[in-house]
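Structure, as structure tokens:
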Amino acid sequence: TQLLEQSPQFLSIQEGENLTVYCNSSSVFSSLQWYRQEPGEGPVLLVTVVTGGEVKKLKRLTFQFGDARKDSSLHITAAQPGDTGLYLCAGATYYGGATNKLIFGTGTLLAVQP
Amino acid sequence: NAGVMQNPRHLVRRRGQEARLRCSPMKGHSHVYWYRQLPEEGLKFMVYLQKENIIDESGMPKERFSAEFPKEGPSILRIQQVVRGDSAAYFCASSNRGEDQPQHFGDGTRLSIL
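Chains as they are written, first to last, in the numbering used here: chain A, 1 to 114; chain B, 115 to 228.
Have a look at this one:
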């Protein structure tokens, strides 16, 4: 069974602080996606990482895919209240002409206090 | 808005009734996925469909649940004889054909069973 463990589960920080969220698995994935979910809404895609060791930056967010494609991290620099939300990593396997099912991580609930 | 459209957003049913959830994929996408988010749990894969074909239904309960994605029209997730434990948020995602194509999510249907 493929599992993705995220840590920490909850994080409450002050505006301007930096933070890192980790996503770990014993399974290899063809790609890994990070989403952010607000209450009452669906997950919104932030980034997809595909190559082992890949690093992608999205403004103040930096995403890294582990060399072995089993783990990933999300680093936020100078967090802002607008970054508050549930962050989800999701590992993808490739089958049948498109990405098959996503295995979702356990989630990290981030609260950034002004 | 050319995103993934789900309806209804909220659905209330009594035990024993049927629930039908609809999903129109993003324009140009031919792959649809259904996920369920139970209270206090993460997103779990249910079924993956392409037009007129079920590719992977390994996450779908064996009884009472069915899904289809006809040649014309939206994908339908059907739950017969609903029980209290079916109360959850049901999310649909769609993707384009090809390796590592990201999945884009709708805002979900919140199903409540009385």
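From the three backbone atoms N, C-alpha and C, an ideal C-beta is built for every residue, glycine too. Given the structure is predicted, the values throughout are model-derived calculations rather than measurements.
Query	Result
Quick one: measure Cβ to Cβ for A:Leu-45 and A:Ser-25, integer angstroms, because I've assumed they're closer than 8 Å.	19 Å between Cβ atoms; not a contact.
If you draw a straight line from the C-alpha of B:Leu-172 to the C-alpha of B:Met-160, how long is it?	For clarity, residue 172 of chain B is Ser in the given sequence; the question names Leu instead. Going from the Cα of B:Ser-172 to the Cα of B:Met-160 covers about 7 Å.
For a cutoff of 8 Å on Cβ pairs, would you count A:Phe-115 as touching chain B?	Any question about residue 115 of chain A goes unanswered here, given that chain A covers just 1 to 114.
List the DSSP bridge partners of A:Asn-18.	According to DSSP, A:Asn-18 bridges with nothing at all.
Spell out whether any CB of chain A is found under 8 Å from the CB atom of B:Asn-115.	Residue placement at B:Asn-115 is poorly supported in this model, since its pLDDT is 49, which falls under 50; the coordinates are not used for a value here.
Check for me: the beta strand (DSSP E) holding B:His-145 runs from which residue to which?	145-151
In terms of alpha-carbon separation, which member of B:Asn-167, B:Glu-166, B:Val-146 and B:Arg-123 lies closest to B:Ala-202?	B:Arg-123
Could you give the residue range of the beta strand (DSSP E) that holds A:Leu-32?	31-37
Would you list the one or two residues that DSSP bridges to A:Ala-90?	A:Gln-33 and A:Phe-104
Would you call A:Pro-8 buried or exposed, if buried means 16 or more other Cβ atoms sit within 10 Å of its Cβ?	exposed
Starting from the beta carbon of B:Phe-159, find every residue of chain A whose beta carbon is closer than 9 Å, and list them in chain order.	Asn-100, Lys-101, Leu-102, Ile-103 and Phe-104
For B:Asn-115, does the three-state DSSP call read helix, strand or coil?	Because the pLDDT of B:Asn-115 is 49, which lies under 50, any placement of that residue in the model is unreliable, and the question is left without a value.
In the structure shown, what three-state DSSP assignment does B:Arg-129 receive?	coil
So, under 8 Å CB-CB, A:Gly-91 and A:Phe-29 are touching, yes? Tell me the CB distance rounded to an integer number of Å.	4 Å
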